[in-house]
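Structure, as structure tokens:
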Amino acid sequence: MPAETTGLPGTTGLPEKTALAHYRRVPAEDGVTLLYPDYRSTVLRAPLRAPIELPQRLTEITGPLLGERLVGPTDHDLTRRYQDEPIGQRIIVHGRVLDGDGRGVPDTLIEIWQANAGGRYRHQNGDWPTPLDPNFDGLGRALTDAAGSYRFVTIRPGAYPWRNHQNAWRPAHIHFSLFGRAFTQRLVTQMYFPDDPLFFQDPIFKTVTSEQARRRMVSAFDLSATEPEWALAFRFDVVLRGRDATPFESGSGV
Amino acid sequence: MSGRPRALVPTTPSQTVGPYLAIGLSWPDGPLVVPAGTPGAIWVRGRLLDGVGAAVPDGMIETWQADPGGRFDHPDDPRGAVRRPGFRGFGRSLTGPAGEFGIHTLKPGAVPDGEGGFQAPHLDVSVFARGVSERLVTRIYFADEAGANAADVVLCSLPDDESRATLVARTGADGYRLDLVLQGDHETVFFAL
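From first to last, the protein sequence lines are chains A and B. Per the numbering used here, residue 278 is the first one in the first sequence, and the count goes up by one each step. Per the numbering used here, residue 733 is the first one in the second sequence, and the count goes up by one each step.
Put into structure tokens, the structure is as follows:
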């Protein structure tokens, strides 16, 4: 009822039916299966009711733009957090954070965490018969640059056993947490390494429904980014949700 | 046709945070949307529970909200970005051994709903945990905003009072309190964004 809109406080109201640029839905084939009994922890933790549609409004199309305050100058280098270097194969992990239209997402926080070269996490529940590395805690942070690019230096994590099923091993992976520019874009995922022989038996990898979508979690060996006599390199681009076209976008140049 | 063809790039799928999320996601000031001692600040506390009511001790709650004036520090708000000193808008709490979480914040103001009305004060909430393969989205409302809640476009879209009740934090002696339940008879309403 238009008459009601005139009563809005001028400084905080929105014109009725203001078109906000919504973020596109993720197609079902790119999604995950929440209740996936092969991954036993989902059995009591996956919601069983269908989620309710939440049209995106102001709270959903905005989000925290967390900047430099959280990222120190060497936080991208997991090999320099202690006086000595960790054991393991030194690697560069780099790439871009993109939106669903292929545009770089600038100035966005990336947090990563991982096991050490032997496949051990520095965590009270992470014990199995392989040693901790006194020079590695497995934590890194970076901000993307103006083009959405990021770069970490770390060591290649090992695979590790878990008790999900008989002789269960997680493929080597690095956890990635990303914010993007809006609450709706928030993403936590895992980066895997190419040609890992453990994918076939990993139910976490397989919570992602389609083969095609699974491949988007697998990094690529990147010869061009290796540093001779110093480190191998892997490239991992992360794609966050993109926005629908809006009336405001049709005439704009960039 | 003035629009360029849009090159749609498929999104990267989600994966669980796993059991070791605390290594990468612990912030000393995570729960503090506003600093300790901020006048008028509130605590929003609760527990994260699984399908048999057991605590989820390896989870994480994140919140995003408007400031007390109903404004966001964000360029995509058509009303303009408003930065309120000392107010981060964002909160993060890893869950403790009993599944407990807590966020120290200012109660948000009402936010326009884009349909001529206002949404009741609310926090947008993300839930992460081992065994949760994709961030779950819910909201926290406030029981002492009954009038605003009754007119809220999102609460009104829910099928019944029972589901609405899963989103409304009760007032108590030490602030607001709401348990988040991943599964079962008292399952929290989760949203598809």
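From the three backbone atoms N, C-alpha and C, an ideal C-beta is built for every residue, glycine too. Computed from a predicted structure; not experimentally measured.
Annotation: the continuous beta strand (DSSP E) that includes A:A445 extends over A445 to R447.
With contacts defined as CB atoms closer than 8 Å, A:F470 and A:S454 fail to qualify as a contacting pair. DSSP places A:I364 outside any beta strand (DSSP E), giving it a letter other than H or E.
Annotated three-state conformation of A:R418 is strand, per DSSP. Taking a Cβ-Cβ threshold of 9 Å, the residues of chain B close to A:N402 are P751, Y752 and D790, in chain order. Chain-ordered, the chain B residues with CB closer than 7 Å to the CB of A:R518 read T743. Listed along the chain, the chain A residues whose CB falls inside 7 Å of the CB of B:L925 are L331, Q333, E337 and T461.
Separation of the CB atoms of A:A490 and B:P745 is rounded to 5 Å, and the pair is thereby assigned contact status at 8 Å. With 16 or more other CB atoms across the displayed protein chains lying within 10 angstroms of its CB, B:L925 is buried. With a contact defined as Cβ atoms closer than 8 Å, B:T837 and B:V776 qualify at about 7 Å. The three-state secondary structure of B:G778, taken from DSSP, is strand. Closer than 8 Å to the CB of B:H806 there is at least one CB belonging to chain A. At a C-beta separation below 9 Å, B:A798 has these neighbours in chain A: L335, T336 and T339. Of all residues in the region 809-837 of chain B, only D809, P810, R811, R820, G821 and F822 come within less than 8 Å of chain A when Cβ atoms are compared, listed by chain position. Rounded to the nearest whole angstrom, the CA to CA distance from B:G904 to B:G823 is 21 Å. Segment contact: the region 781-799 of chain B against the region 333-342 of chain A, three or more CB-CB distances shorter than 8 Å; contact assigned.
Note on A:L311: 16 or more other CB atoms within 10 angstroms of its CB, so buried under the neighbour-count rule. By the Cβ neighbour-count rule, A:G344 is exposed, with fewer than 16 other Cβ atoms within 10 Å of its own. A check of alpha carbon separations from A:V320 across B:N881, B:S865, B:R816 and B:A875 identifies B:S865 as the nearest.
A:P434 places its beta carbon less than 8 Å from that of A:N393. For B:V900, there are no neighbours in chain A by C-beta distance under 8 Å, as the nearest C-beta there is about 15 Å away.
At least 8 Å separates the beta-carbon of A:R463 from that of B:I755. Rounded to the nearest whole angstrom, the CA to CA distance from B:V886 to A:H442 is 41 Å. Here DSSP, grouped into helix, strand and coil, assigns B:Q797 to strand.
When only Cα atoms are considered, B:E919 and B:P829 end up about 21 Å apart.
At a beta-carbon threshold of 7 Å, none of the residues of chain A lie near B:A787; the nearest stands roughly 12 Å away. Put simply, the CB of B:G778 is far from chain A, with every gap to its CB atoms at 8 Å or more. The criterion of a C-beta distance shorter than 8 Å is not satisfied by A:D514 and A:G308.
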